[in-house]
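Chemist: In the order they appear, the protein sequences are chains R and D.
When we follow my numbering, the leftmost residue of the first sequence carries the number 1, and every step to the right adds one.
When we follow my numbering, the leftmost residue of the second sequence carries the number 1001, and every step to the right adds one.
No residue lacks a Cβ here, since even glycine has one placed at the ideal position from N, Cα and C.
Since the structure is predicted, the reported quantities are computational estimates derived from the model, not experimental observations.
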Amino acid sequence: MNLEVVSINSRIKKSGYKPVNAGIRVFAFTLAMSSILLSCVLTAVLPCAAAEQKKQIVIKLWEYPRWSYGPQQDKFGWVLEKIAEFEKLHPGVKVELTKLSWDGGVQKKQIAIAANDYPDVTAEPLANMIKAIDNSVVEPLDEYLTPDDLKDYFPGAIEAFTHKKAGDEKFRVWGFPWLSSGSVLFVNKRICAKRGVVLPSDGKWTYDEFVDILKKLTYDSNGDGQTDVYGFGYTIEKFTPNVWPVFLCDGAAILNKEMSKYTLNSPEGVSGVKKLLELDTKYHAVVPRSAALSSGDMWQMFAREEKVAVAPWGMWAVQALRNPKKSAGFDFEIMHYPTIAGGKNITFVGCTGFLVLKQKDPEKKKMCVELCQYLTNTENQKAVYVYSSFPTRKSTGNLYTADTAMSRGAEVVANGIITPPHRDWLEIDDKIFRQLQLILLGKVGIEEGLSAPERDIDATLAVAASVKKGVPIPVWFNVLVALLLVSAGAYLVYYIIKSWADIKRNSFAYLLILPALSVFFIFLFYPLLQAIFLVFLDYRLAGETYWAGLKNFEFGVFKSSVFWISMKNTLVYSIVRVPFTVLISLVVATLIYPLADRAQTVFRAAFYLPGVISLVVMAMVWRWLYNPNYGLLNQLFIKLGIIDSQNLVPWLTDTQTAMVSLMLMAVCTVHGAGVIIYLAAMNNIPVSLYELAGMEGATGLQKWTKITIPLLKSTTLYLLVMNTIASFQVFTQVYVMTKGGPGYSTFMAIPLIYFSAFDDWEFGIAAAQALVVFVCIVVMSLVQFKWLEGKTEYV
Amino acid sequence: MFKKSKYKNLINYVVLTLIGILVFLPLYWLFITAITPEAEITRMPPRIFPQHLTLENFKRVFYAAPISRWFLNSLLITFIVTLYTLFSASMAAYAFARKSFPGNKFLFALVLGSVMIPSQIVMVPLYLMVRQMNLVDSYWAVILPALPQPFAIFMLKQFIQELPVDIEEAARLDGCSDFMIYWRIILPLIKPVLAALAIFVFITEWNSFIWPLVVLNSPDKFTLSVGLATLQEQQVRDYGLLMAGATISAVPIVFIFFSFQRFLMRGLGMGSLRA
């Protein structure tokens, strides 16, 4: 050893290196880095300041991709064209379009609104904007709607944008209705022809007729003795009440008229759900585990494979079914939802409109309103037919006179009702759809399932009804916070003074940590502190924060059964995933280590590359692989004879297997980074140790257990801790693959926080939940540290 | 002895290949789908190899959007973040591992603790801060919040901790300054981990989606992941487009990976410890 060290020193000396004052070098280094950083920040800030000098009205419009338009088939093509037209009509006005994506678009908007940095104009259905309206972020538009206007709009359209803001006495209109759409039943006429089924000519059927036809449409198409075409297929998903009209046919309502009580568990509700359930359990006319399938799965079965004869979809399906790239191109018919004798035809409709968000400048506000009116005027509404949606103005005329499907659709949609326009509807919908899944999968009885969320929903409704104004933050809290900060600061000063000698001696070390810790404190720690304070606050908007005391803990943690379920699920998931993942990384690294360099390269790449693809995409890939009917995994199993096509593995579609599927995915995506880190650490173990042991008669296995593993302790600790943290923070897979379902079986900690923050818009509750999760992670990490950390010395 | 080692390695190859196939399966499906014509993608039963190969998905991606612009945006942002992280984290890790300065344990605990924070909760305050700095819809809005990489400091510290102290002590005895120790001794010794870290940070930042989505508004500033998302429509997922986009997105990472591979190789930089 000594010989080698000496040779290094002589090498360094030979290179002519002179030990210059280290401090200066490091100082220069950090100075360079910080000045680069600073100049970048400045160059970003200055141009913005300059831009504000122009005297133009700039309207920020945020829109989603709609239909393919123009020679470029640009999904923003139509709105871009309209913007150009509008700018020409109004010189001096510029409209800046921000292109949203359907993935994450709503969340982006929520964050922007919460931070007071919202766009000027945007297109949304009312349900997505109710909380914003209640927080005075949206401009009321009654004064801009003339009596002629009001007559021109279909009554349902105006109703869809009418809302009584919290604390307000009147109902007002909050958006310019644009296009509307609704759910209808689509029927594959090709299958009907094959089975000799004639549909009622008026598009209406009673429940009994419905059952009859569905039974006829369920059959074995390829003669292998197993039913493979089903009469009915549907999905139960977040914010998608496509199939709800079927079980509301007995006259049940989700909430009562005043929206003060949950009423789905009424006798009518129970019998209605029973009807839907019996389509499967009694008449066997429904795709197995339909309630757990995703709309992507169902589309595959209905539109591409023609394995489902009748399915509910939004009107957008008309365009998709006519697109040879998206469907098998069969003839289809649109039908009303089944009714009982004397019952009403209903369906759910939704209306998207353009809203104007709060403006300070009256001139700009006028322009924003004009923009909205321009985009939704009679002539421009004609474009919505491409989107197979309905215009909201009567004057636009019937775009579908020649189109029987669309005309029938219009008929069905005319009977539409809207989902309860309650500000917490998204939260309520979440509870309902999960129970429906459990009921329809046979995991829980109908009455039990329908009554399960009653308490929570009623509580939510009660809270919403009573909340008028926020409670101002008590003075003592601010004082306490100030005291805390001051005392922390004082302690810091005291500590610095006490250890001044030590500090001076180690001044170089502080320079070393400066680049990393400075960005850490500014961009991580400081926002974190602010987020922690959210725990006690009722955060509505930037600048509008109210006091919540311990209520966030009460509602979000202690009284929330969902919270405990998610913690349990996360724990179970981690306990399986973490040890397996680290173990497999170790085993793989051990296998790779002794190989020739080129082979090492190949295998290292092979194990690392799958991790290179964005997790979102990988989750989508895996979800497709897990598809029970068409996924690669089940098809492979069938080919290998492990299962047959009647006993398919449900993977993500059953409460018992969903969690296992997620764990399997985590374990099978071998942690490539872990392999590489282990390999790098193994490289640090001197070969001499192995040779010495070999000479003393140690076997390969002994070498592994007595030399390799102990010397990898630090690395193992690191990987265990990191994997635990990663496992507790699992989000993307759950969000993309199961959304926490079926039921609550894969509901985990971070999805819960995410839903609390961005779907329910309860930032205070999300903060409280995040705090508890954080504490759990810290505890687990500490336990692992204590268990494994020890000084590792070389022999 | 030769026979024994050959035999042992054979098992290695076999097992690794089997596991490798399993691990590679999703990736394989991804690439194949990218070059499958749309009509064939979802046809059943799934085939190992599609009947027709096509580049139309890639053409559609390039045609529909300023891909090259998004690509460059991602490249710039990711490059800066990775470079800064490599240097700042290694410096800090060296200090934490080797220097006992007042506050060492406390600051490290802070760093470690921050890894465990769910990022969703920090989003709103962070956005507010970015807005106050007038940086919304700029590259810096994406870069700056991505600079703190606490786990990088953690990982490097663990690694540096493992290195034998003898070399540094000897170098110090010889008059090596602290910075030189960092620059000439530590850095070369941790090259493998640094390479692993570089790859990891690059990938994480390249694929980062939520934050750039939230903070960028101008389409010409979009990163690749955000831009590709705007090509998807609401209802029917366009798998061909999606996978083609994912493939394009993966290309530079694969490139980075193979370039940095050699640093992960056994033997490089380890010379000082070998017999």
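At which residues does the alpha helix (DSSP H) containing residue 1140/D begin and terminate?
Modeler: Unbroken alpha helix (DSSP H) run through residue 1140/D: 1139–1146.
Chemist: Taking Cβ-Cβ distances shorter than 7 Å, what residues in chain D pair up with residue 115/R?
Modeler: Result: 1124, 1127, 1128, 1131.
Chemist: Report all residues from its chain with a CB closer than 8 Å to the CB of residue 753/R; omit the five preceding and five following residues, and keep chain order.
Modeler: Cβ neighbours of residue 753/R beyond the five flanking positions: 766, 769, 770, 773.
Chemist: Using a Cβ cut-off of 8 Å (strictly closer), state whether residue 575/R contacts chain D.
Modeler: Judged by the 8 Å Cβ criterion, residue 575/R is not in contact with chain D.
Chemist: According to DSSP, is residue 414/R helix, strand or coil?
Modeler: In this structure, residue 414/R counts as helix in the three-state DSSP scheme.
Chemist: Which residues in chain D sit within 9 Å of residue 754/R, going by Cβ to Cβ distance?
Modeler: Correct list: 1118, 1120.
Chemist: Between the alpha carbons of residue 1243/D and residue 589/R, how many angstroms are there, rounded?
Modeler: Their Cα atoms are separated by approximately 30 Å.
Chemist: Inspect the CB distances between the region 709–721 of chain R and the region 1152–1171 of chain D and report whether three or more fall short of 8 Å.
Modeler: Contact between the region 709–721 of chain R and the region 1152–1171 of chain D is present, because at least three Cβ pairs lie under 8 Å.
Chemist: Which ranges would you report for the beta strand (DSSP E) in the region 203–276 of chain R if only whole runs of at least 3 residues count?
Modeler: Complete beta strand (DSSP E) runs here, min 3: 230–232.
Chemist: Using 10 angstroms around the beta-carbon of residue 1120/D, count the other beta-carbons present and answer buried if the total reaches 16, otherwise exposed.
Modeler: With 16 or more other Cβ atoms within 10 Å, it is buried.
Chemist: Would residue 781/R pass as an interface residue toward chain D - the criterion being a Cβ-Cβ separation below 8 Å?
Modeler: Closer than 8 Å to some Cβ of chain D, the Cβ of residue 781/R qualifies, so yes.
Chemist: What residues of chain R sit near residue 1026/D, judged by a beta carbon separation below 7 Å?
Modeler: 610, 618, 621, 622, 625, listed in chain order.
Chemist: Taking all protein chains shown into account, decide if residue 1173/D is buried (16 or more other Cβ within 10 angstroms of its Cβ) or exposed.
Modeler: By the 10 Å Cβ count, residue 1173/D comes out exposed.
Chemist: Would a check of beta-carbon distances place residue 1073/D closer than 8 Å to chain R?
Modeler: No, no contact with chain R.
Chemist: By the 10 Å Cβ neighbour count, where 16 or more other Cβ atoms means buried, how is residue 695/R classified, buried or exposed?
Modeler: Residue 695/R should be labelled exposed.
Chemist: Please name the residues in the region 1009–1024 of chain D whose beta-carbon is closer than 7 Å to at least one beta-carbon of chain R, in chain order.
Modeler: Result list: 1009, 1012, 1015, 1016, 1019, 1020, 1022, 1023, 1024.
Chemist: Please go through the same chain and pick out, in chain order, the residues whose beta-carbon is closer than 7 Å to the beta-carbon of residue 1094/D, but skip the five residues on each side of it.
Modeler: The answer, listed in chain order, is 1160, 1182, 1186.
Chemist: Pick out whichever of 1239/D, 1219/D, 1199/D has its Cα sitting closest to the Cα of residue 1256/D.
Modeler: Ranking 1239/D, 1219/D, 1199/D by Cα distance to residue 1256/D puts 1199/D first.
Chemist: Under a CB-based cut-off of 8 Å, is residue 651/R close to chain D?
Modeler: It does not; no Cβ of chain D falls within 8 Å.
Chemist: Does the separation of the CB atoms of residue 680/R and residue 1196/D fall below 8 Å?
Modeler: Yes, these two residues count as a Cβ contact at 8 Å.
Chemist: Are the CB atoms of residue 187/R and residue 283/R nearer to each other than 8 Å?
Modeler: Not a contact, by the Cβ cut-off of 8 Å.
Chemist: Per DSSP, which residues does residue 188/R bridge with? Please list them.
Modeler: According to DSSP, residue 188/R bridges with 332/R.
Chemist: What runs of the alpha helix (DSSP H), each 4 residues or longer, lie entirely inside the region 80–135 of chain R?
Modeler: Complete alpha helix (DSSP H) runs here, min 4: 105–114, 130–134.
Chemist: With DSSP as the reference, please indicate the residues paired to residue 172/R in a beta bridge.
Modeler: Partner(s): 163/R.
Chemist: By the 10 Å Cβ neighbour count, where 16 or more other Cβ atoms means buried, how is residue 385/R classified, buried or exposed?
Modeler: It is buried - the Cβ of residue 385/R has at least 16 other Cβ atoms within 10 Å.
Chemist: In chain R, which residues lie less than 7 Å from residue 1099/D when you measure between Cβ atoms?
Modeler: Result: 506, 509.
Chemist: Listing by chain order, which chain D residues have their CB less than 8 Å from the CB of residue 373/R?
Modeler: Those do not exist, as residue 373/R stays about 24 Å from chain D at its closest Cβ, beyond 8 Å.
Chemist: Following the continuous beta strand (DSSP E) through residue 545/R, name the residue where it begins and the one where it ends.
Modeler: Its beta strand (DSSP E) spans residues 544–547.
Chemist: At 4 residues or longer, and completely inside the region 333–379 of chain R: list those alpha helix (DSSP H) runs for me, N to C.
Modeler: 362–375, all fully within the region 333–379 of chain R.
Chemist: With H, G and I counted as helix, E and B as strand and the rest as coil, what does DSSP make of residue 1233/D?
Modeler: Three-state DSSP puts residue 1233/D in coil, outside helix and strand.
Chemist: Flag residue 1246/D as yes if its beta-carbon sits less than 8 Å from any beta-carbon of chain A, otherwise no.
Modeler: As a matter of chain content, chain A is missing from the structure shown, whose protein chains are R and D.
Chemist: Assign residue 139/R to one of three DSSP states: helix, strand, or coil.
Modeler: Residue state, collapsed to three classes: coil.
Chemist: Is there a Cβ from chain D that is less than 8 Å from the Cβ of residue 555/R?
Modeler: No, residue 555/R lies away from the interface with chain D (no Cβ there is under 8 Å from its Cβ).
Chemist: For the region 753–775 of chain R, enumerate the residues whose C-beta is nearer than 7 Å to any C-beta of chain D, in chain order.
Modeler: The residues in question are 753, 754, 757, 763, 766, 767, 770, 773, 774.
Chemist: From the beta carbon of residue 53/R, is the nearest beta carbon of chain D less than 8 Å away?
Modeler: Reliability fails at residue 53/R, whose pLDDT of 48 lies under 50, so the model's placement of it is uncertain and the value that follows must be treated cautiously. With 8 Å as the cut-off, residue 53/R does not count as an interface residue toward chain D.
Chemist: Relative to chain R, which residues along the region 1201–1216 of chain D have a C-beta separation below 7 Å, given in chain order?
Modeler: Hits within the stretch, in order: 1203, 1207, 1209, 1210, 1213, 1214.
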